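Everything on this sheet refers to the single structure shown next.
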Amino acid sequence: MHPEAFREALVDWFSTHQKDYPWRRTKDPWAILVSEMMLQQTQVATVLDRGYFTRWMERFPTPADLAAADESEVLSLWEGLGYYNRARNLQSATVVIRDEHHGRFPRELSTIETLPGIGRYTAAAVYSFAFDKPAPLVDANVARVIARLYHFDQRIDTAAGQKFLWDTAAELLDQQRPRDFNSALMELGQAICKPRAPRCKECPVADWCQSFQQDRDPATLPIKKPKRETVLVDEHAIWSHRDDGAVLLQHESGTRRKGLWKLPLRSVESVSHLPVIYRSTYGITHHRVSLTVYQSDSSEKPRKDESWVPATDLPTTPMASPFRKALDKLLSSC
DNA sequence: CACCCGTGGTA
DNA sequence: TTACCAAGGGT
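Numbering (the numbering used here) for the first sequence: 2 to 335.
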């Protein structure tokens with residue numbers, strides 16, 4: 002592989018096919034960091050079409066604005082995106098920027114990577130996109146592209162597999178235009194070198210692709226460890242409300258959905274005599290949860306870890322999606 | 001290294 | 001409808 006012609010073909014393709022994202026119209030490291038955090042394990046369409054990025058940047062135009070905010074408001078603006086530790090980590094990062102970097106966004110790659118919630122990928126993304134400085138990066142798109150380019154038929158989710166991907170990304174990187182090159186490699190994975198039905202006939206770098214040249218099936222790569230088997234779980238919640246509010250429970254110990262609110266949960270024995278007023282199923286990690294909501298007795302009062310939430314606060318009280326949907330449905334049918 | 005963390009789109 | 005997948009990081 003002689004990377005020069007590969008780089009040229011890739012960046013040329015990108016120059017005419019790149020999509021117009023708001024975070025590509027700016028060099029503000031804060032805006033770019035926000036986009037990268039939101040895009041972790043999350044599709045572009047979700048972040049863009051549902052308005053998360055725009056709302057966030059309007060409310061928190063600078064790191065200092067986020068550092069000064071209440072966690073409840075932060076989580077409320079993140080509601081529906083999932084992986085809520087991202088939001089808390091992002092706020093923690095702004096506090097570090099304020100208290101340890103004089104309020105200025107760090108410009109060293111190693112310093113950016115020390116910020117909470119920012120790992121090797123996100124640090125390199127901010128470094129190359131905001132400052133156009135050279136750092137290789139590997140996300141799910143790049144991993145797929147490299148695995149197919151080199152027909153890497155071993156697992157990529159091992160130390161050896163990760164080393165191969167990052168070493169290769171470093172070799173390929175165009176030091177003269179790291180911003181465009183990294184963006185191009187990622188967009189190639191998103192638009193052309195797709196997981197299931199790659200569009201090899203439209204690929205600008207098919208000449209350099211071993212999977213394509215050797216007529217292998219690219220859809221078999223990359224290889225990862227099979228996911229855990231799905232575990233079925235039942236959740237039983239109660240709906241206890243009046244016109245002026247409802248009883249909610251804040252997620253406590255443990256880390257799942259920390260800081261968010263949900264309907265109070267009960268044992269199935271304690272609610273089996275109550276009328277069922279809502280059902281849904283949702284997935285969380287490797288669990289498949291069946292949620293059932295029961296109309297509580299009017300005598301039901303909040304337990305010590307539960308709170309009466311006024312109706313006017315319900316829309317801005319951060320809740321995970323399954324409970325937000327339940328609450329919306331129950332409020333509308335009252 | 002293994003496992004955990006959410007959600008919505010897509011085939 | 002189920003299963004896979006996504007601009008990963010922390011523990």
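Each residue gets a CB set at the ideal place from its N, CA and C atoms; glycine is no exception.
It should be emphasised that the depicted structure is a prediction, and the values quoted were computed from it without experimental measurement.
Taken in chain order, the complete beta strand (DSSP E) segments of 3 residues or longer contained in the segment 277 to 327 are 277 to 285, 288 to 296, 307 to 311. Runs of the alpha helix (DSSP H) lying entirely within the segment 134 to 167, each at least 4 residues long, are 141 to 150 in chain order. Look at V269 here: in three-state DSSP terms it is helix. Here R8 carries a helix assignment [DSSP, helix/strand/coil]. Secondary-structure assignment with DSSP links G246 through a beta bridge to R243, P311.
Separation of the CB atoms of W309 and G246 is rounded to 6 Å, and the pair is thereby assigned contact status at 8 Å. Residue pairing of K263 in beta bridges, as defined by DSSP: L250. R60 has its alpha-carbon roughly 8 Å from the corresponding atom of D66. Remark: C-beta atoms of W14 and P205 approach each other more closely than 9 Å. Close CB contacts of C201 within its chain, under the 6 Å cut and outside five residues either way in sequence, are with A207, F213 (chain order). Judged by DSSP in its simplified three-state form, L233 adopts strand.
Straight-line measurement puts the Cα of T95 at about 9 Å from the Cα of P117. At a Cβ-Cβ threshold of 9 Å, R258 and G81 do not count as neighbours. Unbroken alpha helix (DSSP H) stretches of 4 residues or longer found wholly inside the segment 198 to 235: 211 to 214, given in chain order. Remark: C-beta atoms of L266 and L249 do not approach each other more closely than 9 Å.
About 14 Å separates the beta carbon of A125 from that of A141, a gap too long to meet the 8 Å contact definition. Rounded to the nearest whole angstrom, the CA to CA distance from M2 to D100 is 46 Å. Taken through DSSP and simplified to helix, strand or coil, A70 comes out as coil.
A straight line joining the alpha-carbon of R289 with that of P4 spans about 45 Å. DSSP places E59 in the uninterrupted alpha helix (DSSP H) bounded by 53 to 60.
If the five residues before and after K330 are omitted, its C-beta is found closer than 8 Å to the C-beta atoms of Y279, all from its own chain and listed in chain order.
Between V139 and A170, the beta carbon gap of about 5 Å places them in contact (Cβ cut-off 8 Å). With contacts defined as CB atoms closer than 9 Å, F7 and L173 qualify as a contacting pair. A straight line joining the alpha-carbon of W209 with that of A10 spans about 10 Å. Excluding the 5 residues flanking it on each side, L76 has same chain C-beta neighbours closer than 7 Å at Y85, A88, G260, L261, P319, in chain order. A check of alpha carbon separations from T293 across Y283, H287, Q42 identifies Y283 as the nearest. Here I224 is exposed: its Cβ has fewer than 16 other Cβ atoms, across all protein chains shown, within 10 Å.
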